[in-house]
Amino acid sequence: MSEKLLSGKTAVISGGSHGLGKSVAAQLAALGADLVLLARSAERLDAAADELRAHGSRVLPLVCDVADRGAVQAAAAQIMAETGRVDVLVNNAGIPAPRTFAETTLDDWDAVIGTNLSSAFYLTRALWDALVASGAGYVITISGTAGVRGGGSPAYGSAKFGLTGLNHAIAQAGKDAGVRATILYPGGMDTGWRGAPIGKPRVESMDPDEVARLVAHLVTSPPEFVVNEAVLNPLSSPFL
Ligand SMILES: NC(=O)c1ccc[n+]([C@@H]2O[C@H](COP(=O)([O-])OP(=O)(O)OC[C@H]3O[C@@H](n4cnc5c(N)ncnc54)[C@H](OP(=O)(O)O)[C@@H]3O)[C@@H](O)[C@H]2O)c1
75 MSEKLLSGKT
85 AVISGGSHGL
95 GKSVAAQLAA
105 LGADLVLLAR
115 SAERLDAAAD
125 ELRAHGSRVL
135 PLVCDVADRG
145 AVQAAAAQIM
155 AETGRVDVLV
165 NNAGIPAPRT
175 FAETTLDDWD
185 AVIGTNLSSA
195 FYLTRALWDA
205 LVASGAGYVI
215 TISGTAGVRG
225 GGSPAYGSAK
235 FGLTGLNHAI
245 AQAGKDAGVR
255 ATILYPGGMD
265 TGWRGAPIGK
275 PRVESMDPDE
285 VARLVAHLVT
295 SPPEFVVNEA
305 VLNPLSSPFL
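For what it's worth, our numbering labels the leading residue of the sequence shown as 75, then goes sequentially.
If you want it as structure tokens, here you go:
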């Protein structure tokens, strides 16, 4: 997909400085999109932005804790002031959580629900008018297989299940405004998640660049239909 199908468009990617978010950013930049990357670490954001500018795209790295609604409001205002438009929003930022009920503290719950669920509403709400004004807005939400089967972690599973409801609501709100919404439920990706070593065999762990190619395909697909949701798994663990 080398054609610049997203030329003149702006994509906002939460957690765009690392892992899947950075892979998505690279795919969309290769298609000509200008990028806004949101994350907490300025150092990682700046490094990612420098790398991504090699595609010729404008890249705006914004330090923003997306679990902080005030920070999201401020970021949205800056995005509109500096880019004037938003065509694609990728709600991707996420953090891991304690795996069991007994290990999960109230602080863990707040942090994981804030980062993995509330952030997606804050961002989509704050950028909604721009997505509608795009005429062909697209909201991609990154869940995980924990959003289909739970998985034991109360905070992580609840956040990922919550994103399913949010994706439905975004799709309903967007249908008459030309805003499409897709939720992806990926299984294990090779991003160093939970400190896992990177470089696992591809049948065991998916390459985030390949998952990102699906995102690029979706946002450049014909606007007459929408893929509501997709579950993605490594070959070794199909169907969860
Ligand atoms: N990797 C997997 O195996 C896997 C499987 C299923 C689903 N997922 C989901 O895929 C998404 C991406 O995961 P990943 O593996 O690519 O993660 P990752 O490599 O750890 O990257 C996470 C990104 O999100 C940013 N981030 C985290 N908390 C943030 C906050 N409060 N505000 C703004 N940015 C924040 C991080 O930057 P800063 O730390 O600098 O903020 C980083 O850019 C997540 O939603 C995750 O739940 C991952």
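Think of the CB as a built atom: it goes at the ideal place given N, C-alpha and C, for glycine as much as any other residue.
**Report entry** Nearest-angstrom beta carbon gap, A107 and K83 [assumed within contact, 8 Å]
**Finding:** Taking the first residue of the sequence shown as 1, we reach residue 83 at position 9. Taking the first residue of the sequence shown as 1, we reach residue 107 at position 33. Contact holds; Cβ gap of about 5 Å.
Query raised in the report: DSSP state of E303, grouped into three classes?
Result: What you label residue 303 is simply residue 229 of the sequence shown in a count that begins at 1. In the structure shown, E303 sits in a strand (DSSP, three-state: E or B).
Query raised in the report: Alpha carbon to alpha carbon, how far is G273 from S310?
Result: On the sequence shown, residue 273 is found 199 positions in, with the first residue counted as 1. On the sequence shown, residue 310 is found 236 positions in, with the first residue counted as 1. When rounded, the distance between both Cα atoms is 16 Å.
Query raised in the report: Of all the options A229, C138 and L136, which has the alpha carbon lying nearest to the alpha carbon of D181?
Result: Translated into the one-based positions of the sequence shown, residue 181 becomes position 107. For D181, the nearest C-alpha among the options comes from A229.
Query raised in the report: Taking the runs of the beta strand (DSSP E) that are 3 residues or longer, which of them lie wholly in the stretch 101-172?
Result: Entirely contained in the stretch 101-172, the beta strand (DSSP E) runs reaching 3 residues are, in chain order, 108-113, 133-137 and 162-165.
Report task. Would you decide whether H92 is buried or exposed? Buried here means 16 or more other CB atoms lie within 10 Å of its CB. Result -> Indexing the sequence shown from 1 puts residue 92 at position 18. Counting Cβ neighbours within 10 Å, H92 comes out buried, since at least 16 surround it.
Query raised in the report: What is the DSSP secondary structure of A85, reduced to helix, strand or coil?
Result: Here residue 85 refers to the residue found at position 11 of the sequence shown. In the structure shown, A85 sits in a strand (DSSP, three-state: E or B).
Requested in this report: Could you round the C-beta distance between A85 and D161 to whole angstroms and report it? I think they count as a contact, below 8 Å.
Outcome: For the purposes of this step, residue 85 is taken as the residue at position 11 of the sequence shown. For the purposes of this step, residue 161 is taken as the residue at position 87 of the sequence shown. That pair is a contact at about 7 Å.
Query raised in the report: Any chance the CB of G224 is under 7 Å from a heavy atom of ligand 1?
Result: Indexing the sequence shown from 1 puts residue 224 at position 150. Not under cutoff, so the answer is no.
Query raised in the report: alpha helix (DSSP H) containing A207: first to last residue?
Result: Taking the sequence shown and counting its residues from 1, one reaches residue 207 at position 133. For A207, the enclosing alpha helix (DSSP H) stretches over residues W202 to S208.
**Report entry** Terminal residues of the alpha helix (DSSP H) in which V293 lies
**Finding:** Along the sequence shown, one-based indexing puts residue 293 at 219. Segment P282 to V293, the alpha helix (DSSP H) holding V293.
**Report entry** Nearest residue (CA-CA) to V305, options L79, A220 and R132
**Finding:** On the sequence shown, position 231 is the one that residue 305 refers to. Ranked by Cα distance from V305, the first of L79, A220 and R132 is A220.
Query raised in the report: For the candidate residues G236, V98, R223 and A233, whose alpha-carbon lies nearest to that of G261?
Result: By one-based count along the sequence shown, residue 261 stands at place 187. With distances taken between Cα atoms, G261 lies closest to R223.
**Report entry** Residue range of the beta strand (DSSP E) that includes R254
**Finding:** As a position in the sequence shown, residue 254 is number 180, starting the count at 1. For R254, the enclosing beta strand (DSSP E) covers residues R254 to P260.
Requested in this report: Give a single yes or no on whether P260 has its beta carbon closer than 7 Å to a heavy atom of ligand 1.
Outcome: Numbered from 1 along the sequence shown, position 186 holds the residue referred to as residue 260. Yes.
**Report entry** Own chain, CB closer than 6 Å to R254, minus 5 neighbours either side, in chain order
**Finding:** Taking the first residue of the sequence shown as 1, we reach residue 254 at position 180. So the qualifying residues of the chain are Y212 and V300.
Query raised in the report: Does the stretch 150-168 come within contact of the stretch 200-217, defined as at least 3 CB pairs closer than 8 Å?
Result: Because the criterion of three Cβ pairs below 8 Å is met, the stretch 150-168 and the stretch 200-217 touch.
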